[in-house]
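Take a look at the structure:
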């Protein structure tokens, strides 16, 4: 079950994902992998913003965070 989300909500989800991707004390391999994943997410977010296409939330289940109390 998926629903459409706004760009602001997607940006907040991206930022919280970014913060959890880079905790203190990471080694070089973890930084490279985390950086690559973050760049892909950011490119997806930018292309979504520029194209006006609503993404499918189930395509990136760990990227989109939904609140249970949200009626939409």
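In the numbering used here, the protein residues as written are 94 to 165.
By construction, the Cβ of each residue, glycine as well, lies at the ideal position given by its N, Cα and C atoms.
In or out: residue i buried (at least 16 other Cβ within 10 Å) or exposed?
i           : result
residue 134 : buried
residue 106 : buried
Rounded to whole angstroms, what is the Cα-Cα separation between residue i and residue j?
i           : j           : result
residue 99  : residue 138 : 11 Å
residue 136 : residue 117 : 24 Å
Counting only C-beta atoms, is residue i closer than 8 Å to chain D at any point?
i          : result
residue 99 : The structure shown has no chain D; it contains just one protein chain.
So what's residue i in DSSP terms, helix, strand or just coil?
i           : result
residue 127 : helix
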